[in-house]
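J.: Quick one: the structure is below, and I'll ask about it shortly.
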Amino acid sequence: MKKLLIIILFVIGVILFNVENYSNNDAIRFRVISNSNSSKDILMKEMVVNKISKYVFNDYNDKDVTRKNIINNISNIEEEIERLFNNNNYNMNFDVNYGMNYFPVKKYNGITYKEGEYESLVVSIGEAKGNNYWCILYPPLCMIDDNFDEEIKYDFKILEIFKKLF
Numbered sequence: 015m016k017k018l019l020i021i022i023l024f025v026i027g028v029i030l031f032n033v034e035n036y037s038n039n040d041a042i043r044f045r046v047i048s049n050s051n052s053s054k055d056i057l058m059k060e061m062v063v064n065k066i067s068k069y070v071f072n073d074y075n076d077k078d079v080t081r082k083n084i085i086n087n088i089s090n091i092e093e094e095i096e097r098l099f100n101n102n103n104y105n106m107n108f109d110v111n112y113g114m115n116y117f118p119v120k121k122y123n124g125i126t127y128k129e130g131e132y133e134s135l136v137v138s139i140g141e142a143k144g145n146n147y148w149c150i151l152y153p154p155l156c157m158i159d160d161n162f163d164e165e166i167k168y169d170f171k172i173l174e175i176f177k178k179l180f
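Numbering follows the working numbering, in which position 93 of the sequence shown is assigned residue number 107; successive positions increment by one, without gaps.
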């Protein structure tokens with residue numbers, strides 16, 4: 015009887031847990047938009063993502079902690095980008111904005127992320143008319159380039175708990 019009750023609760027939990035709504039409505043997003051699609055602008059966008067990653071990519075399981083981490087590091091992020099641009103003779107302005115920002119519709123791995131205003135950290139470089147890097151900082155879910163060859167494995171906490179019970 016106990017096992018049956020656990021299975022029923024598990025099924026109800028899976029049905030009630032809607033990843034798309036959670037990701038779309040309760041996420042903190044991250045976006046870096048390049049000036050243009052020129053090879054230099056795209057390279058600089060990638061360098062910005064790599065340079066500021068130590069400030070934004072954390073495996074926090076708490077939205078408030080993620081938010082505080084970002085807010086506390088805005089000046090560090092701006093300093094890192096400024097230094098990166100100076101060291102690479104890249105004379106381009108940039109804007110770092112944390113708050114509610116517009117995101118266009120995004121399709122990734124069969125999931126559609128709706129367009130709209132989302133809590134996010136957005137770095138816009140120059141005219142911000144190029145391709146962008148996009149990721150979800152909370153819950154941690156970064157978009158991986160379509161050229162990525164490794165198989166992606168998704169783990170669900172509720173499945174781990176279920177496996178431990180049996």
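Ideal Cβ placement from N, Cα and C applies to all residues, glycine included.
Here the structure is a predicted model, which means the values were calculated and not measured.
Can you tell me whether DSSP reads Ser-134 as helix, strand or coil?
T.: Translated into the one-based positions of the sequence shown, residue 134 becomes position 120. Strand.
J.: According to DSSP, simplified to helix, strand and coil, what is Asn-72?
T.: Residue numbering aside, residue 72 sits at position 58 when the sequence shown is read from its first letter. Residue state, collapsed to three classes: coil.
J.: Buried or exposed for Val-136, please, with buried defined as at least 16 other CB atoms from any protein chain shown within 10 angstroms of its CB.
T.: Numbered from its first residue, the sequence shown carries residue 136 at position 122. Per the 10 Å Cβ criterion, buried.
J.: Give the DSSP-derived three-state secondary structure of Met-106 in the structure shown.
T.: The residue you call residue 106 lines up with position 92 of the sequence shown. Residue state, collapsed to three classes: coil.
J.: Let's see if you can read the secondary structure: which residues bound the alpha helix (DSSP H) around Asn-83?
T.: For the purposes of this step, residue 83 is taken as the residue at position 69 of the sequence shown. Residues 77 to 86.
J.: I need the DSSP call for Val-63, collapsed to helix, strand or coil.
T.: Along the sequence shown, one-based indexing puts residue 63 at 49. Helix, per DSSP.
J.: Under a Cβ-count criterion, where at least 16 other Cβ atoms within 10 Å of its own Cβ denotes burial, should Ile-158 be classed as buried or exposed?
T.: On the sequence shown, position 144 is the one that residue 158 refers to. Reliability fails at Ile-158, whose pLDDT of 45 lies under 50, so the model's placement of it is uncertain and the value that follows must be treated cautiously. Exposed.
J.: Leaving aside the five residues before and after Asn-146 along the sequence, list all residues of the same chain whose C-beta is less than 8 Å from its C-beta, in chain order.
T.: As a first step, residue 146 must be located in the sequence shown, where it is residue number 132. Same-chain partners within the cutoff: Arg-45, Val-46, Ile-47, Ser-48, Lys-59.
J.: How far does the beta strand (DSSP E) with Lys-120 in it reach, from first residue to last?
T.: Taking the first residue of the sequence shown as 1, we reach residue 120 at position 106. Counting along the chain, the beta strand (DSSP E) containing Lys-120 begins and ends at 120 to 122.
J.: Rounded to a whole number of angstroms, what is the C-alpha to C-alpha distance between Leu-57 and Asn-75?
T.: For the purposes of this step, residue 57 is taken as residue 43 along the sequence shown, with counting starting at 1. For the purposes of this step, residue 75 is taken as residue 61 along the sequence shown, with counting starting at 1. Distance between the alpha carbons of Leu-57 and Asn-75: 31 Å.
J.: Is the beta carbon of Lys-112 sitting closer than 8 Å to the one on Ile-88?
T.: Residue 112 sits at position 98 when you count from the first residue of the sequence shown. Residue 88 sits at position 74 when you count from the first residue of the sequence shown. It is worth fixing the name first, because residue 112 is Tyr in this sequence and not Lys. Yes, the pair counts as a contact, with Cβ atoms nearer than the cut-off.
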